[in-house]
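Protein chains in written order, with this note's numbering: chain A, 1 to 588; chain B, 589 to 1176. Backbone N, C-alpha and C define an ideal beta-carbon position, used for all residues, glycine too. Please read the structure below before turning to the comments.
Protein chains: 2
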Amino acid sequence: MLRTHTCGELRLDHVGQTVTLTGWVQRTRDAGGISWIVLRDRYGLTQLALEEGVESAEVREQARNLGREFVLSVTGKVAERYSKNDKLPTGDIEIRVEKLEVLNPAKLPPFLIEDETDGGDDLRMKYRYLDLRRTPVRQNLMLRHRLAQAVRRYLDGQEFIEVETPVLIKSTPEGARDFVVPSRMNPGEFYALPQSPQTFKQLLMVSGFDRYFQIVKCFRDEDLRADRQPEFTQIDCEMAFVEQEDILNTFEGLVQYLFQEVKGIDIGTLPRMTYADAMRQYGNDKPDTRFDMRFVELNDVVKGQGFPVFDSAELVVGINAITCAAYTRKQIDELTDFVKKPQVGATGLVYARVEADGNVKSSVDKFYSQEELQKWSAAMGANPGDLLLLLAGPIDKTRKALSELRLEMGQRLGLRHKDTFSPLWVVDFPLLEYLEEEGRYFAMHHPFTSPKPEDMHLLNNPDTIGQVRANAYDMVINGVEVGGGSIRIHDRAVQAQMFSLLGFSDEEAKAQFGFLLDAFEYGAPPHGGIAFGFDRLCSLFGGADSIRDFIAFPKNNSGRDVMIDSPSTISDAQLKELSIETKVVEKK
Amino acid sequence: MLRTHTCGELRLDHVGQTVTLTGWVQRTRDAGGISWIVLRDRYGLTQLALEEGVESAEVREQARNLGREFVLSVTGKVAERYSKNDKLPTGDIEIRVEKLEVLNPAKLPPFLIEDETDGGDDLRMKYRYLDLRRTPVRQNLMLRHRLAQAVRRYLDGQEFIEVETPVLIKSTPEGARDFVVPSRMNPGEFYALPQSPQTFKQLLMVSGFDRYFQIVKCFRDEDLRADRQPEFTQIDCEMAFVEQEDILNTFEGLVQYLFQEVKGIDIGTLPRMTYADAMRQYGNDKPDTRFDMRFVELNDVVKGQGFPVFDSAELVVGINAITCAAYTRKQIDELTDFVKKPQVGATGLVYARVEADGNVKSSVDKFYSQEELQKWSAAMGANPGDLLLLLAGPIDKTRKALSELRLEMGQRLGLRHKDTFSPLWVVDFPLLEYLEEEGRYFAMHHPFTSPKPEDMHLLNNPDTIGQVRANAYDMVINGVEVGGGSIRIHDRAVQAQMFSLLGFSDEEAKAQFGFLLDAFEYGAPPHGGIAFGFDRLCSLFGGADSIRDFIAFPKNNSGRDVMIDSPSTISDAQLKELSIETKVVEKK
C-alpha cells in the first residue's frame, strides 16, 4: 500500500513512529509560523503540521501551495498535539511532515466537501463522485453495506440459499410498465427487465430449493415521483412447506436481527393488525404507530342533532390532538387549509376544544349543546387541554383525509422521532380490489397470492368477491411499508381461476404464464414469501426520508443520470442491428 | 412449518419419535407385503414404510396410488431399519407411516429426476424447474451460494464495501456490443446495460471509498458460443492508494480463502509468470499448469540441415510427450489430424520417438542424422520412451497450435485432473494490440489500464507502441482465466492520450467519458482493481467444464430462455409508448 496507516487510526500510542498517510486535503491553515493541513480519507481525519524553523523550508513551501481536495502522500513522525481536539478520534496527535508528495492536484470543487454543503441538488448530482466524498453520504452507503451483509448472514444461518435469477426475462401485461430490451439475435422480439423475480422464486420452490433469497435489482418504468427510482433493490425471499405464521416469524426474526446488529436496538415482538383494523383505526394500511391518536368513529355520537354535514355523511370520524386546545385561530385555519388540499381531499374540518374547566367549545356549537359535546369528549377519551378534530364524508375518502391530518398532527407534535422505531405486521389484506376506471378487479398484492381457504366460497359470487381476504401481509415501520408478501397459490386450477378473475383469457394466461401453470402440475409444494424494499429499509435505518442518498448513483425525476448523461441516442448501426427504428412523435 | 424435520436429519437417536416430513416421492416399491416410499427434499432422502397388518389398510391404499414427484406430508414413528443403507445418512431408520396427505399430485415428469437423467439438453431447459430438482444441479447452485457468501465474508473482513452500481447506464462504442433499453421518458434515447461497472468503480475510488466490491450482473450482446451467456456475474473489485503488488496479494488471499473454506484445500502461494514467458513456454496467456510439458524452442537446434519446412519457419517449437513413444501409427495420425484442424491451424506435425536404447527415430529421418536427433532429445530433456512433437511456422500461429496440442496431450495422458488446482498470476500484459482487420490499436485489457511507467516513453513512437507493457494481470487456474485487472490511469492527460491512441477524437472522448476525465481533475487517487468471472469460478470449483449448470435459469445459444419463451414480441401500445418501431429486414 502507498500508506502505512489510514487517516483514522493514529493515537498517542503511535507517537514517535514514522508513518505515511494518503488522502485528500480537507482544509489548510497558516498561523504563527505554523501550517496545518487536515488530511481526509474514508477512515477519518488527521492533522498535519509544518512549523517554521522545524520542518524543512522546501516542504513548507510545498504545503503552502496545496488546494482543497489535492491528493497527497505524506511521510512524517507522529507527535503529540499541543492543543488536543477531543471531537476527533485522532485529535491527540498530529504528523510533523518530513516528505510531501502531491499524487494528484485538484481543481476547486464546485461545492463544499463538508458535512453541510453549499451545493444544490442538481450540482451535487452532476458531480456525484464529489458528493459521495462527503461523510454523511458515504456513511449512508456504508450503512447499506452493513445491512446487506447482516441480511445475508441471518438468512444463510436459516438455511436460505441465495440464487441469482435472470435479468433478461419476458414482458407481462400485469403489474407496472416494463423496461424492455430489443433482442438482436431474435429480431422483432424483446426481453423485459424484471419488476421482481416472483415467478422464478416460485419455480425454485417447485424445484425443491426450500428456502431462497436474493438481494436483487428490480425495474419499473413508472413516472417517477420524488422518491421513486426506475431501478431499485429488493430483499426477495421465498419458503416452501410453510404457512403464513412461519413466514411472519422468520422475517420478524430478520428485522429484529438487523435492528440489533446494525443499530443496537431490541425492537421486541411485532404486533399484528388486520387490514380492516388498520383502515378503521388509522385510515391507512401502513399506519405510523410511533404515536397513538387513533381514529374514533362518531356516527352514533354526532348524528341526529340537525347538523346536515354530519347527518348526511357516511362516516364521521375524529382524532384527539392531545394538548392542542390552545391552538390559535391561525393554526386551526392552517389545519382547515391542510385537509382541503386536493391530495388530502376533505371538504372541511370540524374542531372542538376541551377547555381547562372541561367545557367543550366546538366550531359547530350552534348544532350541539354542551351536553352533546361532552359525549364527543367522552367518546374520544379527551381531557382538558385537548383538541378534537373531526372529518365527515364517504368512508374511504374520509379515512384517507383523516390519516393525512393525523400524520400532520403527529409531525407538529414532534411524535414522529426518526430514532424511534415502531414496526408491526398488517395482515388479512383483501385479495382483489375493483378499479372503477378499468372496470375490473385487480390483484391487490399480485396474481399469485392465495385466497384464505375459509373465504374461497366467496370467490364465486360477484357480490362477495371483493370481500375475499388473502393470505397476504405487509411489514410496516413508522408508516412505511418496508416489506410485503403472501402465501402463494400452488394449485393449477386455483391459479387459472385467478387469472380468469383478472380478465385473462385461457390463451393469454397460457401465453404469459404457461410455464408456471405447467410447473404446478409437476408437484408444487405449498409456499410463500416476502420482499423487502432494500433502499427504503436503508433510508429508514439511516433516519432519512429519501431513498436517493442511499443509492450510490441515483437517477433524477426524468429517469436521467445527469453525471454520465444517460439515456442518450445510439448509432443508426446499433438500431439497424437491433431491427428497430426510433419514432419520436413529439419531443418532450 | 408443515414438517417437524427435514428428509436429511433423522438418525437412530430419533427412533420412537413421531415426526412429520414433507417432500417429493423419489420412488416407490412394493414387496412381500411391505410398501416403501423414498421421500426427497433439499436436505436428503428418507425411507417410509407401510407393512401389511401393521400400518392401516387405508393409508397403505393411499401409498399404493402415489406416483413419482407427488408432494407429500407424512406423519409416523421413526423406527430402526431391518436392513440398513450405509450410503444414506438417514439409512439407519425409516418412518412407519400413520398419516399420509398428498399436498399436490404430479404428472409423470418428462425425464428422470435422478442424478443421471435420461433427459436431453432441450427438454431439461424447457423444464428447468424439474432439472433443478436433481441433486447434482441443486448442489451446483448451493456451491455458488457458499462461494458468494465466502467472497463477501473475506472482502468485508478486508474493509471492502459492497456498493451497487446502476444497471441502466450509457452505451459506449468501446468493448463488446451493448444491450440497450429504450427510455419512455426520454423519447429516442436509450440506456445500455453494463458490460462491467468499470467507470463507476473508478468514480467510487475518486470519491474516496478506498475499497469497493460488488457481486454484479453484467451483460454482453455477443454471438453466443457454447459456454457464454448474455448475462453473467462478476466479482468486481477496486482499491485506492495501491500498486500492483497490493492487488495481487489481496486477491491471492481471497482465492486462498475460498479454496480453504469451500474445498478444504490449501493452494499455497501463487506463482507469477510474465505474459511473454507464458506465450513462450505455453503458447497461451492462460496456461494450464497442472502439468509441465513446456515448449522448447528449437530454431538453433533444427535449422540448417536441409529440411525446408524447418529452415523456412519463423519458429520451430516442440513439446516432450513423456512416455508416449509407443504411440501407434494410428495415434500419431490422429494427432496429425488434430493439429491440422482449422481451429488449431498447423500445416503438419513432426514427431520423434526416443526408443528404449536411447536412439531417436523421427518422421524426418531423411534430413536428420542420429547425431542431430540426439541434439533434439537433449534440448527437450527427453528420456527413453518419450515422444517429441514439433510444429513449425509463424510465431503466433505456431505457438497457438502447439498450445492446443499440448492441452490435447495433457488430456490424453490424464494430466488435467478436475480435483487438482494449479493457480498462477500472469503479469505484464501488453497495453495495446493491433487488429489488422480494424487497422488500429485496441486496448488489450480496457482503455483505463495504465502503461508501466518505465514503458511510457515507447508510447510516443509508432514503431514501439506495441511493446508498451501494462500494469495488467490475470489470475489463471487450470488453463482458465478466472480473473483479470489492472492498475488504472488516474491522470487526465494520460487518459486523454489513451483515448486518442484508440482512435477517439477529443469530442468523442468527451461525449462518452467526459465525466471520468472531469473526475480525474478533482483529485483522483492512484487506484486499481480486478474482476473475477463468478460463473466460471463456480464451475471450476464444481469440477465442471460448462458454466451453464451453475446458473439457475440459463439461456440457450440463441439467447432464448425456452422455459418462459423469452424474448417475445411486445404490444404495439408498448412500442408506441417507447417511441420505437420494429423493422425486421429478414426473419432468421
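Within the stretch 673-756 of chain B, the complete alpha helix (DSSP H) segments of 4 residues or longer fall at 709-714, 716-719 and 723-745, listed in chain order. Closest by C-alpha distance to Thr464 of chain A, out of A:Leu432, A:Leu224, A:Glu94 and A:Arg60, is A:Leu432. Going by C-alpha positions, Leu373 of chain A is about 35 Å away from Ile477 of chain A. CA-to-CA, the gap between Met293 of chain A and Arg536 of chain A works out to about 25 Å. For Tyr717 of chain B, at least one C-beta of chain A is nearer than 7 Å to its own C-beta. Secondary structure of Phe895 of chain B (DSSP, three-state): coil. For the options B:Ser759, B:Asp629, B:Ser644 and B:Ile853, the alpha carbon positioned closest to that of Ser1010 of chain B is the one of B:Ile853. Here Leu388 of chain A is not near Ala356 of chain A, since their CB atoms are 7 Å or more apart. Rounded to whole angstroms, the gap between the alpha carbons of Ala392 of chain A and Ala1161 of chain B is 42 Å. For Val768 of chain B, the chain A residues whose Cβ falls inside 8 Å of its Cβ are Val181, Pro182, Ile570, Gln574 and Leu578, in order along the chain. Contact between the stretch 153-169 of chain A and the stretch 45-60 of chain A is absent: fewer than three C-beta pairs spanning the two stretches fall below 8 Å. In the three-state scheme derived from DSSP, where H, G and I count as helix and E and B as strand, Asp549 of chain A is classed as helix. A:Gly483 is the residue among A:Thr22, A:Gly559, A:Thr18 and A:Gly483 whose C-alpha sits nearest the C-alpha of Val255 of chain A. Counting of Cβ neighbours within 10 angstroms places Tyr275 of chain A among the buried residues, the total reaching 16 or more. Using a Cβ-Cβ cut-off of 7 Å, Phe200 of chain A is close to Phe1141 of chain B, given in chain order.
With 16 or more other CB atoms across the displayed protein chains lying within 10 angstroms of its CB, Ala552 of chain A is buried. Taking all protein chains in view, the Cβ of His1005 of chain B is surrounded by fewer than 16 other Cβ atoms within 10 Å, so the residue is classified as exposed. The three-state reading of DSSP puts Met793 of chain B in helix, counting H, G and I together.
When A:Gly175, A:Asn85, A:Leu12 and A:Asp396 are compared, the shortest CA-CA separation from Gly345 of chain A is found for A:Asp396. Interface flag for Asp545 of chain A against chain B is unset, since no Cβ pair is found closer than 7 Å. Annotated as proximal: Ile1075 of chain B and Ser1038 of chain B, with beta-carbon spacing under 7 Å. By the Cβ rule, the stretch 126-141 of chain A counts as touching the stretch 792-811 of chain B, because three or more pairs are nearer than 8 Å. Secondary structure note for Arg987 of chain B: its alpha helix (DSSP H) is the uninterrupted segment Ile983 to Arg1000. Residue-level contact check: Glu689 of chain B does not touch chain A, since none of the beta carbons of chain A fall below 7 Å from its beta carbon.
Look at the beta carbons and you see the stretch 681-691 of chain B touching the stretch 647-657 of chain B: at least three pairs across the two are nearer than 8 Å. Around the beta-carbon of Met1044 of chain B, fewer than 16 other beta-carbon atoms lie within 10 Å, marking it exposed. Exclusion of the five residues before and after Ala828 of chain B leaves Met793, Gly796, Phe797, Asp798, Arg799, Pro1113, Pro1114 and His1115 as the residues of its chain whose Cβ lies within less than 8 Å of its Cβ.
A direct Cα-to-Cα measurement between Gly67 of chain A and Thr6 of chain A gives close to 21 Å. For Met867 of chain B, the enclosing alpha helix (DSSP H) covers residues Tyr863 to Tyr870. Under DSSP, Ala192 of chain A shares a beta bridge with A:Ile169 and A:Val180.
In the DSSP assignment, Phe513 of chain A falls within the alpha helix (DSSP H) that extends over Asp506 to Ala519.
Around the Cβ of Glu507 of chain A, a 10 Å sphere holds fewer than 16 other Cβ atoms; the residue is exposed. Gln1085 of chain B and Arg1057 of chain B have their alpha carbons spaced roughly 16 Å apart.
Leu45 of chain A sits in a strand when the DSSP states are folded into three classes.
Taking CB atoms only, Phe778 of chain B has a neighbour in chain A less than 7 Å away. The C-alpha of Thr821 of chain B lies about 20 Å from the C-alpha of Ser1154 of chain B.
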